[in-house]
Amino acid sequence: MDKGFYLYCIREKTNSKFSTAGIDGGEISAIFYQDLEAVVSLVSLAEFSSEEIQKKAQEDLAWIKEKAQVHEKVVEEAMGKNPLKNKGLKAVIPMKFGTIFKTKENLEESLKKHYNQFRESLKRLKGKQEWSVKTYLNRKVFEKEVKKVSSVVQEKEKEIAQFPEGAAYFMQKQVDEAASKEADKALQDYAEKFFETLKQYTKTGTKGKILEKELTGKSLPMVLNAIFLVSEKKLEDFIKEIDKLNREYKPKGFNFEYSGPWPSYNFI
36 MDKGFYLYCI REKTNSKFST AGIDGGEISA IFYQDLEAVV SLVSLAEFSS
86 EEIQKKAQED LAWIKEKAQV HEKVVEEAMG KNPLKNKGLK AVIPMKFGTI
136 FKTKENLEES LKKHYNQFRE SLKRLKGKQE WSVKTYLNRK VFEKEVKKVS
186 SVVQEKEKEI AQFPEGAAYF MQKQVDEAAS KEADKALQDY AEKFFETLKQ
236 YTKTGTKGKI LEKELTGKSL PMVLNAIFLV SEKKLEDFIK EIDKLNREYK
286 PKGFNFEYSG PWPSYNFI
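Here the working numbering runs 35 ahead of the position in the sequence shown, where the first position is 1.
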C-alpha cells in the first residue's frame with residue numbers, strides 16, 4: 036500500500052520526540068530543511084486522498100471529527116501546549132486538515148520553495164498566541180436596558196400613555212418593535228466597542244463567523260466571535276480586560292468566554 040507524508044505543521048528545528056500518535060496511528064516524525072522542521076507521519080494515500088476525505092465528509096462525519104482531533108492534538112504538542120503553561124510556547128505554522136505529500140522529495144521541495152515565507156511567518160508568530168473570545172447575549176435583559184436609555188422608545192411610551200387602556204394594549208407592540216430596532220443598533224456599537232477594547236492589548240485581531248446555538252451548545256445566542264493574536268507579554272492584561280468586561284456588562288445581558296492558546300490558523 037502506497038504511503039505519503041501527512042503534514043501537521045512547520046516549526047523551527049527542535050529534534051524533540053512526540054508522545055501523541057499520528058492521524059493513522061503511526062509515529063510522528065520530522066522532515067528537515069535548513070533550520071525548519073516539518074512535523075509529519077506516514078499515512079495511506081488511498082485512505083487520505085482528497086477524494087476519499089471529501090467522501091468521508093459527506094458519509095462519515097465521525098471519522099472526520101476523530102482525525103481532525105488527532106491533527107489538532109499533534110499541532111498543540113508541537114507548540115508545547117499544556118494546561119499548566121501559557122508562556123514560552125513554540126511558534127508553529129499549522130497546516131489545514133488533509134495536507135499530504137506523496138513523497139519526501141515533494142515535501143522537501145515545498146520547504147525549499149517557501150522557505151523565506153515560512154521563516155517570516157515564524158518570526159511574526161514568535162512570542163504570540165491565538166486566543167478566541169466569544170460573546171453571548173441575553174436579549175431580553177439587553178432590550179430592557181436599552182428601553183431605559185433610548186429616547187425613541189421613551190417617546191413611544193409617552194404617546195401610548197395618552198391612549199385609552201384598550202388601545203394602549205395594542206400600541207404596546209409598536210414600543211416592543213421600536214425597542215428591538217434600537218437594541219439591534221446598540222448591539223452593533225457594543226460589539227465593535229468590545230472588539231476594539233480587546234484589540235488594544237493584541238498585535239492584531241479578526242472577527243469570525245457567528246455560530247448558531249446548535250454548534251455552540253449554548254442557550255444564549257452568540258453576538259461576537261473574535262480572534263486575537265496576543266503577545267505573551269500582554270496576555271495577563273488581555274485576560275484581565277475580558278474579566279473586567281464580564282463584570283461591567285453582565286447586567287446588560289452580555290457574557291464573555293475566552294479560550295486558548297490555539298494554533299494560529301487565522302494569522303498565517
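Where a beta carbon is used, it is the ideal one built from N, C-alpha and C, also for glycine.
It should be emphasised that the depicted structure is a prediction, and the values quoted were computed from it without experimental measurement.
inquiry  = Given this structure, state the Cα-to-Cα distance separating A261 from A226, to the nearest angstrom.
reply    = Residue mapping note: residue 261 aligns to position 226 of the sequence shown, counting from 1. Residue mapping note: residue 226 aligns to position 191 of the sequence shown, counting from 1. Approximately 10 Å, taken between the alpha carbons.
Distance, K139 Cα to S76 Cα = In the sequence shown, residue 76 corresponds to position 41, counting from 1. In the sequence shown, residue 139 corresponds to position 104, counting from 1. If I take the Cα positions, the gap works out to 11 Å.
**Prompt:** Among all the DSSP beta bridges, which residues are the ones paired with Q164?
**Reply:** Taking the first residue of the sequence shown as 1, we reach residue 164 at position 129. In the DSSP output, where bridge partners are listed per residue, Q164 has V265.
Exercise for review: Would you tell me roughly how many angstroms separate the C-alpha atoms of K102 and E180, rounded to the nearest one?
Suggested key: Within the sequence shown, the letter at position 67 stands for residue 102. Within the sequence shown, the letter at position 145 stands for residue 180. About 45 Å.
Please classify M130: does DSSP put it in a helix, a strand, or coil? Indexing the sequence shown from 1 puts residue 130 at position 95. The answer is coil: DSSP assigns M130 none of H, G, I, E or B.
Between T170 and L259, is the Cβ-Cβ spacing less than 7 Å? Along the sequence shown, one-based indexing puts residue 170 at 135. Along the sequence shown, one-based indexing puts residue 259 at 224. It is a contact, given that the beta carbons lie within the stated cut-off.
- Message: Within a Cβ cutoff of 6 Å, which residues of the same chain sit near M114, ignoring the five residues on either side of it in sequence?
- Response: In the sequence shown, counting from the first residue as 1, residue 114 sits at position 79. Within the same chain, M114 has close Cβ partners L124, K125, V127.
* Spatial neighbours of E47 within its chain, please: CB distance less than 8 Å, with the 5 preceding and 5 following residues excluded, ordered by chain position. => Here residue 47 refers to the residue found at position 12 when the sequence shown is read from its first residue. Taken in chain order, the residues that qualify are D70, L71, E72, K125, A126, L157.
Rounded to a whole number of angstroms, what is the C-alpha to C-alpha distance between G60 and P286? Translated into positions along the sequence shown, residue 60 becomes position 25. Translated into positions along the sequence shown, residue 286 becomes position 251. Spanning the two alpha carbons is a distance of roughly 49 Å.
Apart from the five residues just before and just after E143, which ones in its own chain have a Cβ nearer than 7 Å to its Cβ? As a working note, residue 143 is residue 108 in the sequence shown. Answer for E143: I66, Y68, listed in chain order.
* Asked: Using 8 Å as the Cβ pair cut-off and three pairs as the minimum, do the region 145-157 and the region 78-89 touch?
  -> Judged by pairs of C-beta atoms under 8 Å, the region 145-157 does not touch the region 78-89, as fewer than three such pairs exist.
Only counting the same chain, and skipping five residues up and downstream in sequence, which positions put a Cβ closer than 7 Å to that of K38? Taking the sequence shown and counting its residues from 1, one reaches residue 38 at position 3. Contacts found: L77, V78, S79, L80.
Which residues share a DSSP beta bridge with I66?
Here residue 66 refers to the residue found at position 31 when the sequence shown is read from its first residue. Under DSSP, I66 forms a beta bridge with A73.
Quiz prompt | Same chain, Cβ closer than 8 Å to D272, five either side skipped, listed in chain order | solution = Position 237 of the sequence shown, counted from the first residue, corresponds to residue 272. Contacts found: Y236.
Is it buried or exposed for S51, if we count other Cβ within 10 angstroms and need 16 for buried? Position 16 of the sequence shown, counted from the first residue, corresponds to residue 51. With fewer than 16 other Cβ atoms within 10 Å, it is exposed.
* Asked: Near F40, which residues of its chain fall below 6 Å by C-beta distance, leaving aside the five closest residues on each side in sequence?
  -> Locating residue 40 in the sequence shown gives position 5, counting from the first residue. Only V75, F136, L142 meet the Cβ criterion.
query: With respect to the alpha helix (DSSP H) encompassing Y284, which residues constitute its N-terminal and C-terminal limits?
result: Within the sequence shown, the letter at position 249 stands for residue 284. Run containing Y284: 270-284, per the alpha helix (DSSP H) assignment.
| message | What would DSSP say about E292, mapped onto helix, strand or coil? | response | As a working mapping, residue 292 is identified with position 257 in the sequence shown. Note: E292 maps to strand in three-state DSSP.
- In this structure, does DSSP put N50 in helix, strand or coil? One-based indexing of the sequence shown puts residue 50 at position 15. Three-state DSSP puts N50 in coil, outside helix and strand.
Just to confirm, are L172 and G288 a CB contact at a threshold of 7 Å? Looking up residue 172 in the sequence shown gives position 137. Looking up residue 288 in the sequence shown gives position 253. Yes, the pair counts as a contact, with Cβ atoms nearer than the cut-off.
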